[in-house]
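First the structure, in the form of structure tokens, and then the observations on it.
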């Protein structure tokens with residue numbers, strides 16, 4: 006190699022060493038102030054998230070431990086035992102809960118979706134819509150026992166009997182705002198360009214709502230409905246004043262009716278081991294029903310297209 | 023095709039003297055307001071049968087507003103007010119007795135952003151047919167519309183897939199297929215290529231030229247080359263700022279070649295030469 010070449014090479018080396026010195030280190034430095042703070046805060050959010058999950062998991066754990074052993078075909082179908090009896094179950098309470106939640110769904114879903122159509126599409130900016138939206142939000146935080154008292158005054162007093170019908174109406178009062186607000190949001194999220202496309206093809210407003218807005222928002226609406234059902238199934242306070250309880254299977258909608266929530270309330274306070282075990286098992290069944298509806302809501306919530 | 027849709031009742035004599043193949047639509051716009059804002063004034067545009075009429079002009083000149091007035095899409099904007107007349111086969115579509123919903127069945131629209139429904143490709147195209155209670159062979163008509171919109175070969179194996187799964191250019195052709203499936207008379211296209219890349223744009227432009235065999239087309243475009251390539255007639259809109267507000271109006275309308283090469287108005291000349299925009 007000739008001399009000038011060598012000179013060039015050493016020059017280059019010097020230059021690259023200089024560059025090395027100027028180049029900042031890109032290595033991770035976990036103990037450096039910024040990184041340390043970031044790490045601690047990340048850890049705190051993890052702990053907070055875990056703490057939020059602890060109550061749910063500990064409740065489910067306790068229910069399986071205490072109630073799981075009593076779960077059998079007999080407990081799911083038999084009638085509640087009397088004071089010193091062994092065995093028995095809560096079949097009538099499951100039927101009662103299903104029937105009353107069904108009545109509440111039949112009332113609140115059509116009403117709620119129609120109201121949501123008004124709020125989201127027909128007159129979203131009118132004074133009536135503002136008022137309804139505000140009241141629906143207030144109603145979501147409404148003490149559920151007051152819904153029971155309200156229906157007691159309206160239905161139980163006038164019909165002179167506690168009934169499944171009254172229980173269903175009380176649950177409907179609690180479900181309605183959830184359905185309205187969820188359905189409104191789902192419909193308002195349907196993009197304007199899709200509505201334009203439908204109008205541009207000569208759809209009437211009714212057709213735009215029925216063929217584009219409702220199908221496109223359907224998954225969101227159904228998610229809201231499922232969450233409302235899950236909430237209603239676990240509610241006991243409104244049923245205390247409306248459906249009361251019964252030791253027998255439901256034979257008519259206008260008589261006192263058993264429900265899981267009230268059965269748990271009644272049996273858990275009794276001084277008999279058998280009843281207390283049944284209360285645990287009924288709690289487990291109730292939580293599983295609520296969980297099933299929540300999972301269903303998530304599955305339906307997935308967009309198809 | 024649709025020689026005389028049922029909207030045509032009376033007043034055919036008020037149509038202006040037919041030019042070429044005859045005037046399908048004649049827009050005699052006096053004033054268009056959004057609330058108190060005068061958006062467009064004094065514009066008279068005849069749309070000739072089986073021709074593409076291009077609307078060009080700078081931003082805010084009201085070309086989209088005029089286009090959307092032609093099938094009463096602007097009625098969906100609460101503060102919108104139209105003064106003047108739009109005759110379609112001699113009938114004023116702003117007449118109180120006219121149902122805007124019926125107007126839009128004969129005067130279809132393709133939008134700036136592709137807007138397929140959240141449904142399968144097939145259901146998107148069949149949408150308008152089902153809406154109108156079509157009783158014939160749905161598969162056949164869907165295929166025909168997709169072929170008409172030059173996207174049959176690309177989608178024929180995935181008709182059950184979501185319309186939203188297609189690329190932007192394919193979505194726009196799907197929207198055109200959806201618009202022509204019901205065989206409207208007039209197609210309004212509001213910058214249909216502005217969201218597309220050049221290759222997709224070229225395909226949609228070729229499609230427009232094919233479509234004019236059967237349809238009368240009004241095309242809003244920001245792209246002067248596009249107007250030169252596809253429009254038979256060009257309408258140039260300007261903005262009047264003399265009243266302290268921005269009001270659009272029709273400056274000049276004529277055969278595309280004439281508007282671009284020897285326009286009558288100084289303003290048109292400056293615009294088509296790219297001296298302002």
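Protein chains in written order, with this note's numbering: chain A, 6 to 310; chain B, 23 to 299.
Just so it is clear, CB atoms sit at the ideal spot from N, CA and C, and this is done for glycine as well.
No experiment lies behind these values; they were computed from the predicted model shown.
By the three-class DSSP mapping on this structure, what secondary structure does residue i have?
i                      : result
residue 102 of chain B : strand
residue 82 of chain A  : helix
residue 131 of chain B : strand
residue 260 of chain B : strand
residue 290 of chain B : helix
residue 108 of chain B : strand
residue 230 of chain B : helix
residue 284 of chain B : coil
residue 212 of chain B : strand
residue 145 of chain A : helix
residue 239 of chain B : strand
residue 64 of chain B  : strand
residue 308 of chain B : For chain B, the structure presents residues 23 to 299; residue 308 of chain B sits outside this window and is missing.
residue 145 of chain B : helix
residue 194 of chain A : coil
Would you report the Cα separation of residue i and residue j, rounded to the nearest angstrom?
i                      : j                      : result
residue 159 of chain A : residue 295 of chain A : 28 Å
residue 89 of chain B  : residue 112 of chain A : 45 Å
residue 70 of chain B  : residue 253 of chain B : 12 Å
residue 74 of chain B  : residue 293 of chain B : 21 Å
residue 38 of chain B  : residue 45 of chain B  : Residue confidence for residue 38 of chain B is low, a pLDDT of 42 falling below 50, so the modelled location carries little weight; the figure read from the coordinates is stated next. Spanning the two alpha carbons is a distance of roughly 8 Å.
residue 106 of chain A : residue 212 of chain A : 31 Å
residue 23 of chain B  : residue 190 of chain B : Residue confidence is low: residue 23 of chain B scores 44 on pLDDT, short of 50, so the model does not pin down where it sits. Its coordinate-derived value is still stated next. Each residue's Cα considered, the two are about 30 Å apart.
residue 177 of chain A : residue 171 of chain A : 10 Å
residue 310 of chain A : residue 163 of chain B : 23 Å
residue 227 of chain B : residue 214 of chain B : 9 Å
residue 83 of chain B  : residue 268 of chain B : 8 Å
residue 113 of chain B : residue 123 of chain A : 34 Å
residue 189 of chain A : residue 101 of chain B : 24 Å
residue 54 of chain B  : residue 99 of chain B  : 12 Å
residue 284 of chain A : residue 86 of chain A  : 12 Å
residue 310 of chain B : residue 121 of chain B : Lying before the first or after the last residue shown, residue 310 of chain B is absent from chain B, which here runs from 23 to 299.
Along chain B, which residues have their Cβ under 7 Å away from the Cβ of residue i?
i                      : result
residue 67 of chain A  : Residues of chain B passing the Cβ test: none, with the nearest at roughly 43 Å.
residue 135 of chain A : Within chain B, no residue comes near residue 135 of chain A; the closest Cβ sits about 17 Å away, beyond 7 Å.
residue 212 of chain A : 153
With a cut-off of 8 Å on the beta carbons, I'd call residue i and residue j a contact; round off their distance for me.
i                      : j                      : result
residue 237 of chain A : residue 98 of chain A  : Not a contact, Cβ separation roughly 15 Å.
residue 266 of chain A : residue 240 of chain A : 6 Å
residue 201 of chain B : residue 131 of chain B : 7 Å
residue 87 of chain B  : residue 96 of chain B  : 7 Å
residue 238 of chain B : residue 127 of chain B : Not a contact, Cβ separation roughly 15 Å.
residue 260 of chain B : residue 76 of chain B  : 15 Å between Cβ atoms; not a contact.
residue 305 of chain A : residue 228 of chain A : 6 Å
residue 262 of chain A : residue 251 of chain A : 6 Å
residue 212 of chain B : residue 133 of chain B : 6 Å
Which chain A residues are close to residue i, counting only those with a beta carbon under 8 Å from its beta carbon?
i                      : result
residue 141 of chain B : 220, 310
residue 150 of chain B : 206, 207
residue 252 of chain B : Those within 8 Å of residue 252 of chain B in chain A number zero; the least Cβ separation is about 21 Å.
residue 103 of chain B : Those do not exist, as residue 103 of chain B stays about 18 Å from chain A at its closest Cβ, beyond 8 Å.
residue 124 of chain B : 207
residue 201 of chain B : 205, 206
On a Cα-Cα basis, can you pick out the residue from the options that is closest to residue i?
i                      : options                    : result
residue 117 of chain B : B/124, B/111, B/126, B/107 : B/107
residue 175 of chain A : A/289, A/89, A/161, A/187  : A/161
residue 151 of chain A : A/310, A/277, A/244        : A/244
residue 60 of chain B  : B/280, B/290, B/285, B/270 : B/270
residue 66 of chain B  : B/104, B/225, B/51         : B/51
residue 259 of chain A : A/104, A/154, A/56, A/191  : A/104
Counting only Cβ pairs nearer than 9 Å, list the residues of chain B close to residue i.
i                      : result
residue 123 of chain A : By Cβ distance, chain B contributes nothing, its closest Cβ being about 16 Å from residue 123 of chain A, past 9 Å.
Give the residues of chain A in contact with residue i, contact being defined as C-beta atoms less than 9 Å apart.
i                      : result
residue 194 of chain B : Residues of chain A passing the Cβ test: none, with the nearest at roughly 12 Å.
residue 130 of chain B : 205, 206, 207
Residue i touches chain A at which residues, Cβ-Cβ below 7 Å?
i                      : result
residue 135 of chain B : 198
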